[in-house]
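Those protein sequences? They're chains A and B, same order as listed. Taking my numbering, I'd label the letters of the first sequence as residues 21 to 245. Taking my numbering, I'd label the letters of the second sequence as residues 21 to 245. Every residue, glycine too, gets a C-beta built ideally from N, C-alpha and C.
Number of protein chains: 2
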Amino acid sequence: MKINATNIAQMASASDVIFDALREAIARGDIGEGQVLRQDHIARMFNVSRIPVREALTRLEEQGLVATQRYRGAVVASLSIEEIREVFEFRALIEPEVLRLSIARISDDALAEARGFAEAFATEANSAKWGDLNRQFHYRLYEEARRPYYLQTIRAALDRVDRYLRAQLVLTSGMDRARQEHQQILDACIARDGERAAELTRAHILGACDSLVRFLETTRRPVGA
Amino acid sequence: MKINATNIAQMASASDVIFDALREAIARGDIGEGQVLRQDHIARMFNVSRIPVREALTRLEEQGLVATQRYRGAVVASLSIEEIREVFEFRALIEPEVLRLSIARISDDALAEARGFAEAFATEANSAKWGDLNRQFHYRLYEEARRPYYLQTIRAALDRVDRYLRAQLVLTSGMDRARQEHQQILDACIARDGERAAELTRAHILGACDSLVRFLETTRRPVGA
DNA sequence: ATATTGCAAATTGGATCCAAAAAACACAAG
DNA sequence: CTTGTGTTTTTTGGATCCAATTTGCAATAT
């Protein structure tokens with residue numbers, strides 16, 4: 021048997037790279053909602069033909085991150101306040117449950133790593149990094165649940181609303197409250213109190229949602245002035 | 021302004037048709053797990069080139085219904101018992117909540133339609149139709165929740181395990197119990213007892229899962245005989 | 001007989017080309 | 001100045017073609 025790269029790790033196809041790059045850019049808000057994604061433009065950015073770009077866009081549409089109209093191209097999906105609220109409501113149902121499952125078997129090492137992310141989140145000065153650190157903190161706690169399907173669902177839901185969440189974090193008091201709530205969640209995890217950790221997570225998500233919705237309702241008046 | 025078909029409804033692209041056809045065939049179990057899906061073969065079936073087929077396969081992979089390996093093609097995803105259990109556990113978390121939300125505003129008309137599906141399910145002699153009727157019954161009750169994101173998630177989860185569920189239905193006593201449980205759920209809905217309807221739905225899903233897993237554990241011994 | 005190597009066929013991933021539709025634009029009429 | 005119409009340009013959806021990789025098979029050596 022010859023040993024080459026494909027034996028070690030399956031080489032990522034071009035569309036995988038494009039998909040991941042666009043997915044992250046959309047989730048982070050680097051590409052604003054409503055912005056059109058031209059196949060040709062993206063193809064040139066990655067030095068490929070339009071074929072892998074179309075595959076990436078297809079996958080993004082399946083994930084709900086872009087909306088495509090026939091012969092009109094893809095635009096970054098924009099969510100109504102109602103849709104945003106629904107995704108948060110969904111997260112508030114799933115994530116506490118996953119954390120509960122996770123705590124039943126969580127190791128001290130995992131807790132220590134989560135604590136590291138929480139501290140990095142709390143002390144990071146660059147607000148552009150808050151979103152990633154927030155995600156890492158929660159994910160680290162969820163991973164121990166060993167529920168790949170749940171985690172995938174959570175990731176998809178968070179991808180949809182992450183750019184709004186990041187906007188909420190930089191609001192006054194948004195970051196302060198997140199810091200405190202992370203600490204409380206972590207304490208409950210360390211105490212192996214699944215019930216309390218779940219309830220705190222639920223409140224954490226719903227609180228962020230409320231704060232975000234209030235913010236959006238005062239700023240979003242594009243139609244009907 | 022000229023009026024033509026595209027004004028009335030956006031014409032479905034070729035890949036939409038292929039995607040829906042394959043998705044249903046996989047969910048229903050008409051294409052067995054592990055079966056390879058040759059691009060060329062499917063393309064000829066639909067009288068198109070491989071391009072729209074590849075788009076459909078890409079979307080199916082994003083939905084988790086097929087698994088693709090680079091240069092090796094796509095195969096219908098096969099789930100381990102653990103993975104099946106996780107999807108059912110997920111459904112048992114989501115669906116009761118959606119039903120609870122739905123009951124808060126459900127109309128008598130919707131209940132009548134759901135009753136119609138339940139009766140059709142209970143009296144249908146052709147076992148091949150049980151799966152669809154089962155789905156329609158539950159969906160009709162969920163729709164009134166007006167939660168498109170939840171519904172989409174439920175559909176994706178059910179697509180993954182529907183073929184197993186259909187196999188479980190035709191097991192002895194599987195159909196009998198489903199009939200009774202549907203009636204109980206319907207009664208609770210008619211009484212607008214969201215709490216009871218949710219708990220019955222949860223038991224309905226978990227019961228089917230247990231029955232299915234027992235069945236699979238006795239029949240599935242392909243490795244290590 | 002079995003394992004190994006080399007070649008041919010089959011299959012996928014990607015590039016290029018073409019047709020269909022939409023958007024942008026120019027221009028005439030009211 | 002606005003509105004409507006015809007034309008050009010842009011962009012997407014799909015077909016065809018080519019390269020990269022895998023798979024099947026045959027020939028050979030042990």
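Can you tell me which of the options puts its alpha carbon nearest to the alpha carbon of residue i?
i               : options                           : result
R79 of chain A  : A:A124, A:V96 and A:D152          : A:V96
L77 of chain B  : B:P116, B:S35 and B:I51           : B:S35
L191 of chain B : B:S147, B:P168, B:E201 and B:A165 : B:S147
A223 of chain A : A:A176, A:Q89, A:I123 and A:E117  : A:E117
F108 of chain A : B:N154, B:S127, B:Y169 and B:A112 : B:Y169
D50 of chain A  : A:Y184, A:I205 and A:L236         : A:Y184
Q55 of chain B  : B:T88, B:F39 and B:F157           : B:T88
E201 of chain A : A:G227, A:E215, A:R212 and A:R186 : A:G227
I210 of chain A : A:S98, A:A63 and A:R125           : A:R125
I225 of chain B : B:E115, B:L119 and B:R64          : B:E115
D213 of chain B : B:I123, B:A134, B:L131 and B:Q188 : B:I123
A208 of chain B : B:A198, B:D196, B:T173 and B:T221 : B:T221
Q172 of chain B : A:L236, A:G93, A:F110 and A:Y91   : A:F110
N154 of chain A : A:M31, A:E219 and A:Q188          : A:Q188
G93 of chain B  : B:R70, B:L99 and B:L113           : B:R70
L236 of chain B : B:L121, B:R186, B:E133 and B:F157 : B:R186
E82 of chain B  : B:L113, B:F39, B:T238 and B:A130  : B:F39
Identify whether residue i lies in helix, strand or coil by the three-state DSSP scheme.
i               : result
V37 of chain A  : helix
L99 of chain B  : coil
V68 of chain B  : coil
R234 of chain B : helix
D50 of chain B  : coil
R248 of chain B : Nothing about residue 248 of chain B can be read from this structure; chain B reaches only from 21 to 245.
G227 of chain B : helix
A124 of chain A : coil
A25 of chain B  : Here the model assigns A25 of chain B a pLDDT of 34, short of 50, so the residue's position is not dependable and the matter cannot be decided.
R222 of chain A : helix
R43 of chain A  : helix
A208 of chain B : helix
G84 of chain B  : coil
M31 of chain B  : coil
Kindly identify the DSSP beta-bridge partner or partners of residue i.
i               : result
Q89 of chain A  : A:G93
V250 of chain B : Look at the range of chain B in this structure, 21 to 245, and you will see that residue 250 of chain B is not part of it.
Given the structure, does residue i come close to the ligand PLP, in the sense that its CB is under 6 Å from one of the ligand's heavy atoms?
i              : result
R48 of chain B : Among the ligands in the structure shown, none appear at all, so the ligand PLP cannot be discussed.
Subject >> Given 8 Å, three or more beta-carbon pairs between the region 224-234 of chain B and the region 94-114 of chain B >> reply: Three or more beta-carbon pairs separated by less than 8 Å link the region 224-234 of chain B to the region 94-114 of chain B, which places the two stretches in contact.
- Where in the region 127-203 of chain A do unbroken runs of the alpha helix (DSSP H), each at least 4 residues long, occur, reported from the N-terminal end onward? As far as the region 127-203 of chain A is concerned, its whole alpha helix (DSSP H) runs of at least 4 residues are 128-143, 150-163 and 168-189.
**Report entry** Inter-stretch contact at 8 Å, needing at least 3 Cβ pairs: the region 58-74 of chain A / the region 145-163 of chain A
**Finding:** Short answer: they don't touch.
- Query: Does the region 43-50 of chain A touch the region 177-184 of chain A, meaning 3 or more C-beta pairs lie closer than 8 Å?
  - Reply: Taking a cut-off of 8 Å on C-beta distances, the region 177-184 of chain A touches the region 43-50 of chain A, as three or more cross pairs fall below it.
Discussion item. I'd like to know if the region 129-142 of chain B and the region 136-156 of chain A are in contact, where contact means that at least 3 CB-CB pairs between them fall below 8 Å.
Written reply: The region 129-142 of chain B makes no contact with the region 136-156 of chain A, as fewer than three CB pairs between them are under 8 Å.
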